[in-house]
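Take the sequence shown: its position 78, counted from the start at 1, is 78 in full-length UniProt numbering, and no numbers get skipped. Here is the structure we will look at.
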Amino acid sequence: MSVILELSIFPMDKGESVSPHVARAVKIIRESGLAHEFGPMGTCIEGTWDDVSAVAGSCLAAMQESSERVYMSMKADWRKGRANGLTAKVQSVKDKIG
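Following this line, the structure appears as structure tokens:
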């Protein structure tokens, strides 16, 4: 079983450029050891629900340390028996495109 969680998180009180803060969250995700794909509008993380939600919680806690307001958006896709969903879902679409 796997959950793919797409996470977007950033502080709302740090001005126009928030990339240093986003980088802290991405570092937490990388250090988790879970499969992940960083993108321009969020990062997808794959693992068990307990694992991916714990990582999202750690990202929020880190952001709260230096911010008065944090925006966080999460989308989750759970599928029984799935493995390597981050790559398999994308490859399935690419195969159909040709």
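Note that the Cβ used here is the ideal one computed from N, Cα and C, for glycine as well.
(message) Tell me which residue opens and which closes the alpha helix (DSSP H) that G57 is part of.
(response) Start and end: 49-64.
(message) For I29 and K75, I'd like the C-alpha separation in whole angstroms.
(response) Looking at the two C-alpha atoms, the distance is approximately 16 Å.
(request) Indicate the three-state DSSP secondary structure (helix, strand or coil) for L7 in the structure shown. (result) DSSP places L7 in strand when its eight states are reduced to three.
(request) Say whether the region 6-22 touches the region 59-67, bearing in mind that this needs 3 or more beta-carbon pairs closer than 8 Å, one atom from each stretch. (result) Touching, per the Cβ criterion.
(request) Hey, could you find the ends of the beta strand (DSSP E) R30 is sitting in? (result) No beta strand (DSSP E) contains R30, which is instead part of the alpha helix (DSSP H) from 19-31.
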